[in-house]
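Residue numbers for the sequence shown follow the working numbering, so the first one is 31 and each next one is one higher.
The beta carbon of each residue, even a glycine, is placed where N, CA and C say it ideally should be.
Here the structure is a predicted model, which means the values were calculated and not measured.
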Amino acid sequence: MGTSYSSTHPGHVRQNNEDSFYANDKRGLWIVCDGMGGHQEGNFASHLVTDIFEKMQMFGTFEERIEAIISQIYNIHLILKKKAQMAGTDAVIGTTIVLLYIEGEKGISIHAGDSRCYLLRDERLSLVTVDHAKEIKTHAGMRKVLTNALSAPGELSLEVKKFRVYKRDVYLLCTDGLYDNLTTPFIQKMLGSLSLATALDSLMLSVLSKKADDNLTAVIVEI
């Protein structure tokens with residue numbers, strides 16, 4: 031299946047960590063979430079995802095398991111929507127999600143938001159996901175705004191990608207607190223030239239040696 035290495039850190043500016051991750055090599059399931067809405071709300075939202083998937087049982091064929099995963103994500107979306115409505119009109123209780131599920135040579139990524147899944151194959155790094163975000167101009171300058179996430183305004187639209195998995199593939203799931211502070215060539219170099227446990231440490235420490243003004247989380251999966 032796959033061997034994974036995971037790490038999360040609140041960074042140097044934010045007191046609390048609203049990120050959450052789930053990594054289960056035996057099940058072939060890995061998830062990274064970046065919560066929104068302040069510490070209590072964002073922390074609740076991101077951990078609701080990982081806690082539910084930790085307890086979720088999956089049966090049937092690969093396709094049936096995918097349907098169950100997608101259905102569960104929509105259920106979580108509705109739970110968060112309802113909690114936000116009960117908290118008040120301006121309440122934000124949401125999270126991004128990027129999920130990787132692998133069974134043999136079959137793989138799927140499911141995501142909403144700007145947490146990413148990268149693939150290193152044949153020494154080339156590429157993005158499996160496309161960010162659901164846009165830059166808007168404010169009086170304080172340019173700001174990134176999510177266009178899609180669990181419990182975000184509007185309809186939830188999950189991006190689902192199926193692909194073939196090859197031996198020695200390396201996948202990186204991470205929040206924007208990591209990739210916003212690293213270049214693509216640097217990520218590629220770390221994943222391709224070091225043991226993956228060391229690569230993970232190098233990626234995290236590289237961000238933490240700088241401003242690190244956001245929570246950062248990474249899960250590296252080696253097939």
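Can you give me the Cβ contacts of residue i inside the same chain, cut-off strictly under 7 Å, excluding the 5 residues immediately before and after it?
i           : result
residue 224 : 232
residue 174 : 163, 165
residue 151 : 196, 199
residue 80  : 50, 51, 52, 61, 63
residue 40  : 46, 47, 245
Using a Cβ-Cβ cutoff of less than 8 Å, which residues in the same chain neighbour residue i once the five nearest sequence positions on both sides are dropped?
i           : result
residue 194 : 135, 136, 137
Classify residue i as helix, strand or coil using the three-state DSSP reduction.
i           : result
residue 223 : helix
residue 165 : strand
residue 57  : coil
residue 217 : helix
residue 116 : helix
residue 175 : strand
residue 210 : coil
Tell me residue i's beta-bridge partners as DSSP assigns them.
i           : result
residue 125 : 65, 180
residue 193 : 137
residue 250 : 35, 202
residue 142 : 127
residue 244 : Looking at the DSSP assignment, residue 244 forms no beta bridge with any residue, so it has no partner.
residue 154 : 151
Return the CA-CA distance between residue i and residue j, expressed in angstroms with no decimal places.
i           : j           : result
residue 58  : residue 130 : 8 Å
residue 243 : residue 44  : 7 Å
residue 186 : residue 106 : 11 Å
residue 92  : residue 56  : 15 Å
residue 212 : residue 241 : 12 Å
Measure from the C-beta of residue i to each C-beta in chain D and report whether the shortest distance is under 7 Å.
i          : result
residue 88 : In the structure shown, chain D does not exist; there is a single protein chain.
Meets three-Cβ-pair contact criterion under 8 Å: the segment 176-185 and the segment 121-131: Below 8 Å, enough C-beta pairs join the segment 176-185 and the segment 121-131 to call them touching: three or more.
Three or more C-beta pairs below 8 Å linking the segment 200-220 and the segment 244-251: Yes, the segment 200-220 is in contact with the segment 244-251.
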